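A quick write-up on the structure given underneath.
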Amino acid sequence: MTPALDLLKKVRAEHRIHSYEHDPKAASYGLEAAEKLSLDPAQVFKTLLASSEKGELLVAVVPVVGSLDLKALAHAAGVKKVEMADPAAAQRSTGYLLGGISPLGQKKRLRTFIDVSAQPFATIFVSAGRRGLEVELGVAVLAEHTQGKFAPIGRA
Numbered sequence: 075m076t077p078a079l080d081l082l083k084k085v086r087a088e089h090r091i092h093s094y095e096h097d098p099k100a101a102s103y104g105l106e107a108a109e110k111l112s113l114d115p116a117q118v119f120k121t122l123l124a125s126s127e128k129g130e131l132l133v134a135v136v137p138v139v140g141s142l143d144l145k146a147l148a149h150a151a152g153v154k155k156v157e158m159a160d161p162a163a164a165q166r167s168t169g170y171l172l173g174g175i176s177p178l179g180q181k182k183r184l185r186t187f188i189d190v191s192a193q194p195f196a197t198i199f200v201s202a203g204r205r206g207l208e209v210e211l212g213v214a215v216l217a218e219h220t221q222g223k224f225a226p227i228g229r230a
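Using the working numbering, count along the sequence shown one by one with no gaps and you end on 230.
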């Protein structure tokens with residue numbers, strides 16, 4: 075179990091766990107998950123961390139088929155500028171390893187922003203906290219348990 079799955083179990087949130095054999099040579103963890111689990115890549119989301127000019131870490135949940143729009147994230151967060159977070163800081167703050175960072179069950183609660191492209195889906199897939207492990211859950215469940223706000227932060 076991971077902290078993300080422990081949290082979902084504790085709050086009795088409906089979810090499904092999907093696992094696959096992770097290939098260390100995979101170029102993209104998220105696209106690998108979509109491919110190995112035969113999922114629509116638009117429904118699989120990656121968790122990225124960015125840092126504001128004040129050093130605040132922010133969580134961005136965006137589709138694996140696109141990228142994070144840093145200006146849009148800064149606007150959504152009400153800060154001047156953001157850049158991708160230092161990988162070591164991201165791992166320290168979340169308690170997860172890169173490629174397995176889940177938006178759920180992080181060591182420290184960070185402000186979370188979910189791309190609006192998630193909203194039309196009944197369920198989406200996010201990392202369950204380990205490479206090779208995804209969790210499928212309702213978009214509202216993710217927003218509730220991360221206190222996430224929806225914003226147009228993704229780029230195709």
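Backbone N, C-alpha and C fix where the C-beta goes; we use that ideal spot for every residue, glycine too. Note that this is a predicted model, so its numbers are computed, not measured.
Inside the stretch 86-168, DSSP marks whole beta strand (DSSP E) runs of 3 or more residues at positions 89-93, 119-126, 131-137, 156-158, from first to last along the chain.
For Ser102 and Arg205, the gap between their C-alpha atoms comes out near 11 Å. Leaving aside the five residues that flank Phe195 on each side, the residues in its chain whose CB is nearer than 7 Å to its CB run, in chain order, Gln117, Val213. Of the candidates Ser201, Ser112, Arg185, Arg185 places its Cα closest to the Cα of Leu132.
It is roughly 6 Å from the alpha-carbon of Phe224 to the alpha-carbon of Phe187. If you ignore the 5 residues before and after Asp160, its C-beta comes within less than 6 Å of no other C-beta in its own chain. Under the 10 Å beta carbon count, Gly129 is surrounded by fewer than 16 other beta carbons and is classified as exposed. For Lys83, the uninterrupted alpha helix (DSSP H) run begins and ends at 77-84, by DSSP. DSSP places Leu216 within a helical segment (H, G or I) once states are collapsed to three. The residue from Pro77, Ala87, Lys83 with its alpha-carbon nearest to that of Ala217 is Ala87. Taken atom to atom, the span from the alpha-carbon of Ala150 to that of Gly228 is near 12 Å. With contacts defined as CB atoms closer than 8 Å, Val215 and Glu208 fail to qualify as a contacting pair. Cβ atoms of Val138 and Gly104 come within 8 Å of each other, at about 3 Å. A straight-line Cα-Cα distance of about 14 Å links Arg166 and Gly173. Annotation: Arg90 to Pro115 spans about 17 Å, alpha carbon to alpha carbon. Taking all protein chains shown into account, Leu171 has fewer than 16 neighbouring C-beta atoms within 10 Å of its C-beta and is therefore exposed.
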